[in-house]
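The numbering of the sequence shown is full-length UniProt numbering, which starts it at 1 and goes up by one.
Report on one structure; see the data block that follows.
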Amino acid sequence: MKWEEEGYTRKDEFGNMISIEEYEESQRPTGASRVMTRGDLKLYAICGVGFFLDSYDLFIINLVTPIWTYEYWGGLAHPPKKTPTYPLLLRGAVNAAANIGNIIGQLSFGFLGDAFGRKFVYGKEMIIMIVGVILVISLPNNLKGPTRNKFWYLFGMRVLMGIGIGGDYPMSASIVAERSSLRNRGRMLGWIFSNQGWGTLAGSIVTLIVLGCFGKALKHGEYNQLDAVWRIQIGVALVPAFATLYQRLTMPESKKYLQSGELSMLKSSSLSSSATTMDYTGKGAKAHTTDADSNDVSSQDRNASIVEAHVAPPTRDVQLKTFMVYFSEWRHLKQLVGTASCWFLVDVAFYGLNLNQSVLLAAIGFSKGKTEYDTLLKNAYGNLIIAAAGYVPGYFLTIYFIEILGRRWIQIQGFLVCALMFGIIAGDYNHLGTAGKFVCFTIAQMFFNFGPNATTFIIPGELYPSRVRGFAHGVSAAVGKLGAILSGVLFNYLSTKIGVANVLWIFFACNVAGAISTFFLVPETKGVDADALDFKECQEKVARSHAM
């Protein structure tokens, strides 16, 4: 082929065709690729804040639920003091509400992002999330009817908030993957996703600070102040959301999306000629660069693997059909089944643990206190310790090792270590002490994040070409959230029916199944340029059609 014979591209260490600039980038010392450029830092700030908020808004429910139980379900009734009666299935529905919204957001924004472009939809998901948060903290206490009406209101508003959170998954993953160099892509995706850890940690810190501010009143039994506590806990998320909204709304279109989407427009007769005339060296890029392009988020866009010249976006009717055409081939569909099933299996256990961590801390005797205030405080400390000792460090282990060990190895070993921890707790539940259970939960949190919770997000962002990346990532994430919903709705119910130990055995089985699915269905994406492979496949199809 002319573009190959004239030396406009090189083969990397994995045999993939890459641009000359990408080749030169791959020859730099490994340490150089670990240093973020100014563009990378800006990208990290804009996209990373989204995942910080995603995690904060999703998991703050874990710290707010005990407060709601006290305030609305009889935990503060005097006299006589009675046991709170927050209905288990209603509690599960409210806990799972944001994840229900996630599914809607992941599918719709992923689809729209591929059909209409990243610029068209990016930032809109943040607006939806902001509106949802405002409506949650605006819960009217004078709402007529039984207490459950208030919680159905919270359920609806958290679904709306979840739609915005869900939309951030495929869009941020696609934008970061398309603006990162091949050698640094996995690490950049890891950096962005690691903000989930900071969001969870921030939730515990904010809770401790707010409880401390209201400590004097709460210690004197003024528990009506808890109403302000939970509204502040949730409302704090609005500050970084507003701070990054403008940057998201004004982010320019991804060149790789435009380039990859052009393949959907090319007829077999024109693809061959286009393949030989496109400028793979990037020499003509500046002549076609617009003002928006010159202000692009990352300088690494010059490393696009297929073509650097500015091209027109694909027509909508063509792009809407692309997903079905691409996944009509079993080899592609098999990959989608793999990324979706692994995400489902990890989320059953991951969200079962994180949405109900306060329940588990109470069950193992960690968060018992003499007063309601003491119990809330110990619960916040327990969540903080687990986040600081396990949750956050796990992400940084992934960031450090992902370009060394690869994605599949990290995902498989993470699944297996988590399975081991759940097996230890469940197998010796009645004899293992509080400290032992607490340590096992902390280790499980670490290997969720130095494992499948991180890699199930990273792999779909790298595995699929840009023209289907958003929707494929959204489908994988949405199937994963089905697992999160199952855990959110059923965890409390099943733990009372079959016991916490047996629920942990379910988590054990999910992690083992996840390791098996990864081994058989998920390919390694380290060093793989999906856009280059997609272009090559299209060329081969054209060559075969011409040979007939």
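C-beta: ideal position from N, C-alpha, C; glycine also.
Since the structure is predicted, the reported quantities are computational estimates derived from the model, not experimental observations.
From the DSSP output, in three-state form, read off residue i for me.
i	result
Ser466	helix
Thr9	Reliability fails at Thr9, whose pLDDT of 49 lies under 50, so the model's placement of it is uncertain and the value that follows must be treated cautiously. Strand at Thr9.
Thr496	helix
Thr250	coil
Thr290	With a pLDDT of only 35 at Thr290, under the threshold of 50, the placement of this residue in the model should not be trusted, and no figure is reported.
Asp529	coil
Arg158	helix
Asp301	Per-residue confidence for Asp301 stands at a pLDDT of 40, beneath the threshold of 50, marking its modelled position as unreliable; the derived number appears in the next sentence. Correct three-state label for Asp301: helix.
Ser172	helix
Pro146	coil
Trp409	helix
Pro68	Sequence inspection shows Trp at residue 68; the Pro mentioned does not correspond to that position. Residue state, collapsed to three classes: helix.
Phe450	coil
Thinking C-beta only, is residue j closer than 8 Å to residue i?
i	j	result
Glu403	Gly48	no
Phe422	Phe508	yes
Glu178	Lys124	no
Gly113	Pro170	yes
Trp230	Trp68	yes
Gly199	Val133	no
Using 10 angstroms around the beta-carbon of residue i, count the other beta-carbons present and answer buried if the total reaches 16, otherwise exposed.
i	result
Pro465	buried
Arg158	buried
His473	buried
Ala32	In this prediction, Ala32 has a pLDDT of 41, which is less than 50 and means its spatial position is unreliable; what the coordinates show is noted afterwards. With fewer than 16 Cβ atoms within 10 Å of its Cβ, Ala32 is classed as exposed.
His431	exposed
Leu249	exposed
Ser194	buried
Met251	buried
Val468	buried
Arg38	exposed
Leu160	buried
Pro452	buried
Thr85	exposed
Val500	buried
Using only CA atoms, which one of the options lies nearest to residue i?
i	options	result
Lys497	Phe59, Ile60, Leu89, Phe508	Leu89
Gly101	Gly156, Phe52, Gly123, Arg118	Gly156
Arg91	Gly105, Ile104, Pro66	Pro66
Asn142	Ala530, Ile385, Asp227, Phe120	Asp227
Gly105	Ala454, Asp168, Gly483	Asp168
Ile412	Tyr44, Ser328, Thr456, Glu537	Thr456
Phe441	Ala387, Leu397, Asn453, Ile61	Ala387
Gln196	Gly212, Ala241, Tyr56	Tyr56
Tyr391	Gln445, Ile459, Gly488, Ala363	Gln445
Ala478	Leu58, Asn99, Tyr70, Met36	Asn99
Ala202	Val475, Ala530, Ile385	Ile385
Gln247	Ile458, Ala547, Tyr44	Tyr44
Asp347	Gly514, Gly162, Asn62, Val176	Gly514
Could you check where the alpha helix (DSSP H) with residue i kicks off and where it finishes?
i	result
Tyr373	372-386
Lys42	38-59
His332	330-354
Gln225	Unbroken run through Gln225: none, as it is neither H nor E.
Asn102	88-116
Lys368	Counting along the chain, Lys368 falls outside any alpha helix (DSSP H), and DSSP gives it neither H nor E.
Asn184	Where Asn184 is concerned, there is no enclosing alpha helix (DSSP H), given that its DSSP letter is neither H nor E.
Ala202	195-213
Glu125	124-137
Would a check of beta-carbon distances place residue i closer than 8 Å to chain D?
i	result
Ile61	Going by chain labels, chain D is absent from the structure shown, which holds only one protein chain.
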